[in-house]
Amino acid sequence: MVGKTWPIRSTEIMPGKLKAKIVAGRHLPVMDRASDLTDAFVEVKFGTTTFKTDVYPKSLNPQWNSEWFKFEVDDEDLQDEPLQITVLDHDTYSANDAIGKVYIDIDPLLCTEAASVISGWFPIYDTIHGIRGEINVLVKVELFNDLNRFRQSSCGVKFFCTTSIPRSYRAVIVHGFVEELVVNEDPEYQWIDRIRTPRASNEARQRLISLMSGELQRKIGLKVLEMGGNAVVGYLQCFDLEGESGLVVRAIGTACTLEKLSSGGGPICCPHPNTAPASNACNSPSKDGKEPVFGEDLPLSSGPPTPFRSLPTSSSSPPPFSPSKPCSRQSSSSDTDLSLTPKTGMGSGGSAGKEAGPLKTLLRQQTQTALEQREFPFFTLTSFPPGFLVHVGGVVSARSVKLLDRIHNPDEPETRDAWWEEIRQEIKSHAKALGCHAVVGYSESTSICEEVCILSASGTAAILNPRYMREGCLDFGSTDHRFEEPSPPACGFCHIPYDELNMPFPAQLAYCYQCRRQKVPDVLFTTIDLPPEGAVTGKGCLIQARLCRLKKKAQGEVNATAISNLLPFMEYELHTQLMNKLKLRSMNALFGLRIQISVGENMLLGLASATGVYLTALPAPGGIQIAGKTPGDLNNEQHISTIQKRINDTIAKSKELYQINPPELTEEGVGSPIPEPRQRSRLFRSHSESSDELSELDLSHGKKDAFVLEIDDTDAVEDIHSLLTDASPPSGFYSCNTETMPGIYNWTSGVQMFTSVRVLRLSNTNLTNQGLNKIFTDLCENLLKSFYFKLRSMIPCCLCHLNFTVAVPEEELVQVSVTAVAMTFDKDQNQEKPLEKSIIKGGSETEEQLQFPLELCADSSSTSSQPSSKISGVPENTSVSTRDRCSTWLELLRLKAHTIRRGSVKTSRRTQSLAHSVSSLEHCSPLPDARSRSLRSSRSFGGSSVTTVKMTPLSFLPGTRIIKYLGIINMFFIRETTSLREEGGVSGFLHSFIAEVFAMVRAHVAALGGNAVVSYSMKDCVLMENPNKNQAQCLINVSGDAVICVRETDQEQMTSMMNSGQTCSTTDGAT
Amino acid sequence: MAVELDVFVGNTTIMDEEVYQLWLDGYTVNDAVKARMEGGVLDKTEATADVLLSDTMDQYRTFQMCERLLHSPSKLANQLLFQIPPHRQAMLIERYYTFDDGFVREVLGKKLSKGTKKDLDDISAKTGVTLKSCRRQFDNFKRVFKVVEELKGPLVENIRQHFLLSDKLARDYAAIVFFANNRFETGKKKLQYLNFQDFAFCAGQLINNWTVGAIDNMVEDMDVDLDKEFLQELKELKVLITDKDLLDQHKSLVCTALRGKTKVFNEMEANFKNLSRSLVNIATKLTNTKDVRDFFIDLVEKFIEPCRSDRWAAADVKLYLTHYTNSAHILDTFKHQVVWDRYMGVIKSCIFKMYHD
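Residue numbers (my numbering), protein chains in the order written: chain A, 1407 to 2477; chain B, 426 to 782.
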């Protein structure tokens, strides 16, 4: 292995001591056939130092009980290196046989707030045999000095995979984008690999990637420290296995300054309690009858006609990147548009529309200055504190096709850096074109096939509240929140950020159906989760667009050009599909949109997943109207009318299924101030929920705002048919790819995380695009059907965070991997909840607020008060221009909001402490006991205690509260077999491997003292098989946040004990 | 186009009890899919046969991976590979070790050897239990036998703790182990009318009263082997039939007690000497391993059949044996009361259980 990436460090720096103790082993495999026993011993290695235990002879359950092995190490090593534990079988006459290894990432021990000791049973893992027994290990770190002295290290910076502000923390400042990448040669492709065993090669790879991850994390940590932050949120790390040309590990994240919430007496972990305050009666506002017509020629330069921009770029030549190359037409054009320091000239970015008013301008200017200092105003977060998002523009994405070349100098990964830089610049320019200064929900990905690599980035253009970007805002916020500028209304994020007169794409605008003051688009696509303040009508659902495109096999530049020529068409078609499916479900917005394009030798696969919802603030979607191009053909017309009927039926069914009953609209409603206060409007809505379906349908069909689909050829017919084939989930099931389902609030504690992988082998007969599309669509649909069947015992239940990943591992193989979580909810309450919620809105909001206390509290309470201020007839201009700090009227309002909030806090306190007093009889154990009880609650009947570790791709577990983040889990495993048939074929092989990966994640979490993994994701699952040789190899990379969470009732106990000194008066008063 | 790979893995291992049973019963994947379809699982859901096949395959794979752990159930509780809630673990183990009464009846008392294993296909054909299931059940017997063979302490408790079985199932296994160890003959035609539970009850009686463990509970094999000293002492009971005075005295005591209490009094009186001779002869011969094996056949041939041919009711048998046992205590020259009670207590309950009307 090459050590190039790790420069030699001075050895006199020795800030820490790592201590490890090997306690025991169990369930070891039989290594000596003669005795059916094993003579096991353990090697403990860190850096270049190795210790050994004694041999424990003739036992499958050895008790080494070793001394403490002490490693004196410098801080850089501590961050980069894993502790490597190897279990071996002693053999007097021949070489000792390795049983397996355990790699322990000791990073969590370097953070004072995270774990203090690692202790527990770890599966002993071998890349050829899988898990072979378990080993009990104790690890501690003693840090000697002030770590700040050592500039190479970034010990103490916390990492979170969670793409929101972690619960139990609050964001003081959100600094912004951090990125880094490191490259190396892939050991699998080194010459030495020809002479070493597969096991040695796999282990070299695992170790290298572990080291590279450590290094990457350390470097990102340094950047965060430079920015003045103390944490990275939304940390996303990926591997690019570029084969011959090397191995790239890259990561992006959002630097923040986080502050731990000291008192836990805060919120119940209730995800997005979006109440659905109904909009009032209001008619379709589209005055211009202009309809966007699909099926026209694709305007390459302008992108699809909705808030969605993407310009695939191509650079078929290897770097250095030169914008003057003829192939890179798109990227060069965008490049010339850009200057690194944005000026206000471009597009509508700086100039506010006339609707925006002075408030918007002010906001924009402030934010602009805050963000201007940043090269990339990107945020990997997908959900935000209330008030953080001011406006959302739409999805921005960029793709670029590159030819891979051997990385010549791993120490200077400039080529890859330049590639990503180019893509990010493009994203930035797209955002600007949408009048936005920031990109949220930002992510990056690659797809590699042989020497071609597609780099993709996407996010959501947005305007942010500048407060979070400013230094010193903590003081500002906490001392006097009355001086804060009013935050936008709850529907604010739906309002267009761009200039109405100079729109970046054709779109229909309407007045917001909630506040009626600002313009909103007819549809909104985003990559983020639904903001907590966003109101939806009915429930949401998973919407997928799937597409296959054949391409000729080619090499080098020809191949790259062919791919980059196909990309815009694919994006356009995926987009059209999404739009049609959205309309079919009678919805008007997409959240969590993720478009993946995977490249294979002879085809491209595109998969777009998102969660569709009906945003109350946006206009009702029109229906879909079918039109034939050749009128007069009777046969054809009959056909068209049948299809039209099917479409109408589908829309009607969707409305019923997703309970989309928007309030009746009246003609004069547009733009006029609404006299009723919000409370009444909500009641009105709940009445209208039972309103007549038929009249609804009449409203939306056959009207001028209907969406027209032209059938001009068989392709179009096929497309329409494929639109209609998507089955809705069976009753009792909902599905979404966002954190939670908009419209469902009352989650119960049933949680089942799962990973499913399916690979199809296409027969090599002449497949058409259409045929492939059908196969691909069926593959995805069948997977969903399988999930619904398997999880039927959990009904009523919702599949959340459905994350589909497609790949073309070989020429005729299509692989789809899905990780998601099924969560149960209370169906009965579900019916009543929105109504109830709206009544006790004050209470529910406080719950939410307490996660972002003080400045945010004031903020979100003003969120609710703001619309009413507008409703009460005060023109917006006034409220802003007289944004005098002494404005008595405003003060009064705020004060009022404040008292309401205070009152509700008290109420919620009281109920909590009541609950506590009820359960206190059995919860009277002291704190440590309470914790251990909750952790080991599922004591096994056999007397052993394997901690139950829950896993979820979400940032929370329903019914529980996270009381501690223990550190990031980032693990990479390789598994290989030369006896594929014996292991049950490729399915058996992968099944056990995935189960093993889960087991290893759980064991690490349990050893850190945790009982759950949140924000879990499987980043990579690369499977290679050769059934003829009876061989297969698989690489899996997973990540997540290890946490301790407690059930809500337990939490009450703990916090009341933690704060018994401070809050006893409150508790006494309540009980 | 073919599905090359299809897996679904849950963080909490998903197991359907119905599929588990089909797997245990030795159904192939395709047969299991058929059975599930006939069971109507698709009616309640909107799934297709493909979905069912995929689900069945997943579960079969899971069970196969679990099987290794089920062989030593205590491992299931502290293994890390599968996260299974404790009550599900208990279900998995209990079901895995549950056996078919029809099958166990065939191998009860046989040596758990390779030879017997070779006959499993015949047993499978005879009982209708699939060969795969027969093998699992046979291997379970053998595994339990092997483990408890080397353990000290009470048999039932050892099985229960080592294999984490319910008390009922642990008792059944104790019976199987006990029968296998002593090689009791159960296959003869005359014994066919007895079911496994009859034998399991008798085994329980023998274990609790006639083994070493009945006196000393800290010796090896204490519950598996009969108490040799006791068997030796049984020879002393011979006096009851060899001493003519004693025999007559015994008879008159019993007859006095029985008179007027049963319809078959005459038959009882006529048969007393024969029956008494039979029971005492069984006792005295138990020192021979061969005669131990024939214990049950002897009880049937020498006692149960004569009574049945005289149309004794079960109540009559009970009445007779009670007085027969108790009257021996009044015999002044009979000195072996303790051995007599230990012997007759078991014989009495065994015959009650085995005497079907």
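Quick reminder that beta carbons are idealized off the backbone N, C-alpha and C, glycines included.
In this structure the segment 499–519 of chain B lies against the segment 585–594 of chain B, because at least three pairs of beta carbons, one per stretch, are closer than 8 angstroms. Annotated three-state conformation of A/N2434 is helix, per DSSP.
Look at B/Q489: its C-beta is under 8 angstroms from a C-beta on chain A.
By a beta-carbon distance limit of 8 angstroms, A/G2006 contacts A/C1855. Their separation comes to about 6 angstroms.
Look at the segment 1526–1542 of chain A: the residues with a C-beta under 7 angstroms from a C-beta of chain B are W1527, P1529, I1537 and E1540. For A/F2195, the enclosing alpha helix (DSSP H) covers residues N2175 to K2196. For A/Y2371, the uninterrupted beta strand (DSSP E) segment begins and ends at T2366 to T2383. Residues of chain B with a Cβ closer than 7 angstroms to the Cβ of A/A1863 do not exist, since the nearest Cβ in that chain sits about 30 angstroms away.
Around B/R702, the same chain offers I666 as residues with beta carbons nearer than 6 angstroms, after the five sequence neighbours per side are excluded. Nearest CB-CB separation between A/P2136 and chain B: below the 8 angstroms threshold.
For B/M482, the enclosing alpha helix (DSSP H) begins and ends at A474 to L495. Going by DSSP, A/L2363 is part of no beta strand (DSSP E) at all; its letter is neither H nor E. Annotation: A/V1589 has no Cβ neighbours in chain B at a cutoff of 7 angstroms; minimum Cβ distance is about 31 angstroms. Inter-residue distance for A/H2207 and B/F488 is about 28 angstroms (C-alpha atoms, whole angstroms).
By the Cβ-count criterion, A/T2131 is exposed, with fewer than 16 other Cβ atoms from all chains shown falling within 10 Å of its own Cβ. Separation of B/L704 and B/T681 (C-alpha to C-alpha, rounded to the nearest whole angstrom) is 20 angstroms. The Cβ of A/R2198 sits closer than 8 angstroms to at least one Cβ of chain B.
Less than 8 angstroms divides the Cβ of A/I2368 from the Cβ of A/S1574.
Of A/R1955, A/A1863, A/P1463 and A/V2355, the smallest CA-CA separation from A/G2446 is found for A/V2355. Contact check for A/N1994 and A/D1928: beta-carbon distance about 7 angstroms, within the 8 angstroms limit, so the pair qualifies.
When the alpha-carbon of A/K2059 is set against those of A/A2023, A/K1989 and A/G2149, the nearest one is in A/K1989. With respect to the 8 angstroms criterion, A/K1564 and A/C1517 are classified as neighbours on the basis of their beta carbons.
Here A/A2014 is buried. Its C-beta has 16 or more other C-beta atoms within 10 Å. Taking every protein chain shown into account, the CB of B/N607 has 16 or more other CB atoms within 10 angstroms, so this residue is buried. When secondary structure is reduced to three states using DSSP, A/L2021 falls in the strand class.
B/L467 and B/Y521 have their C-alpha atoms spaced approximately 26 angstroms apart. Nearest CB-CB separation between B/K500 and chain A: below the 8 angstroms threshold.
The residue among A/Q1596, A/P1514, A/S1970 and A/F1452 with its C-alpha nearest the C-alpha of A/A2448 is A/P1514. Secondary structure at B/D592: helix, using DSSP grouped into helix, strand and coil.
For the C-beta of B/E471, the chain A residues within less than 8 angstroms are, from N- to C-terminus, A2133, P2136, K2191 and Y2194. The beta carbons of A/C2427 and A/S2155 sit no closer together than 8 angstroms. Beta-bridge pairing by DSSP links A/T2230 to A/C2203. For the 8 angstroms CB-CB criterion, B/F697 and B/V679 form a contact. For A/G2390, the chain B residues whose C-beta falls within less than 8 angstroms of its own C-beta are R486 and Q489, listed in chain order.
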